[in-house]
Amino acid sequence: MRAATGGIFTARRRIVGPSTAVRGKAVARGAPLAIVTGWGLMADHSKKPTALFVSPHLDDVAFSCGATLALLARSGWHTVLATVFTRSVPDPTGFALACQTDKGLLPEVDYMALRREEDREAAEHLGAGERIWLDLPEAPHRGYESAAAMFAGVPEEDEVWSEVAENLRGLLEAHTPDVLFAPQALGEHADHLQVVRAVLELADAPAAWYRDAPYATRNPKSLPSPLLPDGLSEVAVDVTETLDAKLRASAAYGTQLGFQFDGEGGMRETLSGFAASEARRLGLPSGEAAEALMLPETGELLENDVLRKCLWLPSGRRL
Ligand SMILES: [Zn+2]
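Just so you know, my numbering puts 215 at position 214 of the sequence shown, and the rest follows in order with no gaps.
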């Protein structure tokens with residue numbers, strides 16, 4: 002259940018969008034990066050184009066645009082998979098505890114540690130060059146007390162977006178990515194909204210916005226967050242060659258498959274069917290698979306020759 006009114010921040014305690022006061026609010030600088038772990042942070046990737054994939058949770062990028070990550074990795078890009086909300090919180094209670102026990106996990110299990118291990122395996126299937134876990138707590142560990150609350154907008158007091166922005170700013174400075182992949186917040190999960198808000202704080206981020214799955218698969222006509230910038234247009238990534246890697250990576254998130262897809266078979270059917278329907282919707286040749294992105298109509302991204310090789314216009318014409 003969630004509020005039926007329009008807009009993104011539709012909770013009882015509605016907050017203003019980033020286009021007004023919040024957007025102008027400065028994010029504190031100088032805080033240490035809350036990175037749990039990663040690899041290759043100091044490597045020299047200066048000769049490769051770089052893509053930073055921002056995943057709110059330990060599964061979103063794989064489900065949503067994992068085949069694009071795998072495609073870029075195979076095409077010689079340096080790919081960084083950074084997941085935002087990955088922190089273990091000891092002795093969870095209430096809704097946070099229910100989020101693991103309803104998946105058949107005992108209370109003493111470190112649910113987030115288990116999911117980080119799933120993510121480690123998924124990143125390998127995708128061929129990610131780096132995998133980074135930002136050490137921020139998921140919504141159930143920030144005071145959201147029910148599933149309904151997580152899909153009812155962002156309460157004013159939940160200011161985790163500023164920490165997300167600070168962490169992402171650090172990643173931008175460390176990696177200087179050619180493109181940053183961020184969620185559109187389809188489904189309006191509070192954590193996804195907070196990531197959108199954080200990316201909008203990074204004024205110069207070369208953002209490409211992916212469609213959040215499985216929310217998009219459940220409601221293919223769902224529209225991007227109104228928070229997204231004006232002047233975006235949709236392009237397709239032909240992922241026919243890397244769909245299998247996406248499905249293998251997605252299968253690694255075993256704790257989520259029953260809840261999200263009714264099992265691995267359901268995940269494979271849903272994500273491959275959605276990729277085919279996205280290809281049809283976006284005009285690709287019959288039998289192909291696609292993931293859709295929203296990109297700025299002007300600016301460097303659409304002029305990036307390396308990126309353009311992977312993109313199709315909705316008309317079925319290559320860029
Ligand atoms: Zn998510």
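Where a beta carbon is used, it is the ideal one built from N, C-alpha and C, also for glycine.
By how many angstroms is the C-alpha of G128 removed from the C-alpha of K222? It is roughly 30 angstroms from the alpha-carbon of K222 to the alpha-carbon of G128.
Do you know offhand how far R88's Cα is from F152's? One alpha carbon belongs to R88, the other to F152, and they sit about 20 angstroms apart.
Using the Cα positions of Q195 and A186, report the straight-line distance between them to the nearest angstrom. When rounded, the distance between both Cα atoms is 9 angstroms.
Would you identify the three-state DSSP class for D136, choosing helix, strand or coil? DSSP places D136 in strand when its eight states are reduced to three.
Is it true that the segment 162-177 meets the segment 123-142, where meeting means three or more beta-carbon pairs spaced less than 8 angstroms apart? In short, these stretches touch, since the Cβ pair count reaches three.
My assumption, with CB atoms under 8 angstroms, is that F96 sits in contact with E146. Please give the rounded CB distance. A Cβ-Cβ separation of about 5 angstroms places F96 in contact with E146 under the 8 angstroms criterion.
Could you spell out where the alpha helix (DSSP H) holding A52 opens and where it closes? Not the alpha helix (DSSP H): A52 falls in the beta strand (DSSP E), residues 51-56.
Coil, strand or helix - W78 by DSSP: The answer is coil: DSSP assigns W78 none of H, G, I, E or B.
Please give me, in chain order, every unbroken run of the alpha helix (DSSP H) with length at least 4 that falls completely inside the segment 155-218. Taking only runs of at least 4 residues, the alpha helix (DSSP H) segments lying wholly in the segment 155-218 are 161-176, 191-202.
Check whether the Cβ atoms of T243 and A71 sit closer than 7 angstroms, and answer yes or no. Judged by their CB atoms, T243 and A71 are nearer to each other than the 7 angstroms cut-off.
Sufficient close CB pairs (3 or more, under 8 angstroms) joining the segment 284-304 to the segment 204-217: The segment 284-304 vs the segment 204-217: in contact.
Taking C-beta to C-beta, are Y211 and C66 nearer than 7 angstroms? A contact, by the Cβ cut-off of 7 angstroms.
To which residues does DSSP link S1 through a beta bridge? Look at the range of the chain in this structure, 2 to 320, and you will see that residue 1 is not part of it.
Quick one: residues in its chain with C-beta nearer than 7 angstroms to the C-beta of K49, no 5 flanking neighbours on either side, listed in chain order? Only G77, W78, H79 meet the Cβ criterion.
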